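Each remark here refers to the structure printed beneath this line.
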Amino acid sequence: MYKQLYKPNHHRADFTGLVSEHILIAEAHLGRPIKKGEIVHHKDFNKLNNLLTNLLFPISRIQHQRIPEYQARFIIAKDLYKEFMRWWVEAQKIDLEYEPIKEIEKKLVKAQNDKERLQKRIV
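The sequence shown: position 81 = 81 (full-length UniProt numbering), numbered continuously.
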């Protein structure tokens, strides 16, 4: 979540009139508006740290995607996803191993229900 300021007449204001503070800081430093397609990057990935020394601007989307730390975030996410999928596959195997137990439980419940029905008929 970015720190935002109320500037309803700003060219980058959203429908509520809010503009991200890092955009305003970059524009003030450049002396011109940030153009469409230009990005203001937070070097430490902390979206609340809007110190001028923490901002890299203006950069294009392609330049942004080439930042090693930016790429590392996707590599980490990809690794976490792979790890989750390995866990999920293992969980499915375990569930399959216990499938016969589930069938036995169903048979026991059915037998109990049958027994109760027979007892009601006798009484």
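All C-beta atoms in this analysis are idealised placements derived from N, C-alpha and C, irrespective of residue type, glycine included.
Remember, predicted model here, so these are calculated numbers, not experimental data.
Tell whether a beta-carbon distance below 7 Å holds between residue i and residue j.
{"i": "residue 25", "j": "residue 50", "result": "yes"}
{"i": "residue 35", "j": "residue 21", "result": "no"}
Applying the criterion that 16 or more other CB atoms from any shown protein chain within 10 Å of the CB defines a buried residue, is residue i buried or exposed?
{"i": "residue 90", "result": "exposed"}
{"i": "residue 23", "result": "buried"}
{"i": "residue 27", "result": "buried"}
List the whole-angstrom C-beta distance separating residue i from residue j, where the pair is believed to meet the contact cut-off of C-beta under 8 Å.
{"i": "residue 42", "j": "residue 55", "result": "7 Å"}
{"i": "residue 12", "j": "residue 39", "result": "12 Å between Cβ atoms; not a contact."}
{"i": "residue 29", "j": "residue 52", "result": "6 Å"}
Rounding to the nearest angstrom, what Cα-Cα distance links residue i and residue j in this structure?
{"i": "residue 108", "j": "residue 82", "result": "39 Å"}
{"i": "residue 19", "j": "residue 1", "result": "12 Å"}
{"i": "residue 105", "j": "residue 120", "result": "23 Å"}
{"i": "residue 195", "j": "residue 79", "result": "Lying before the first or after the last residue shown, residue 195 is absent from the chain, which here runs from 1 to 123."}
{"i": "residue 45", "j": "residue 67", "result": "12 Å"}
{"i": "residue 57", "j": "residue 47", "result": "14 Å"}
{"i": "residue 115", "j": "residue 103", "result": "18 Å"}
{"i": "residue 32", "j": "residue 15", "result": "22 Å"}
I'd like the span of the alpha helix (DSSP H) that includes residue i, first residue to last.
{"i": "residue 30", "result": "21-30"}
{"i": "residue 62", "result": "61-65"}
Which residue marks the beginning of the beta strand (DSSP E) containing residue i, and which one marks its end?
{"i": "residue 39", "result": "38-42"}
{"i": "residue 5", "result": "4-6"}
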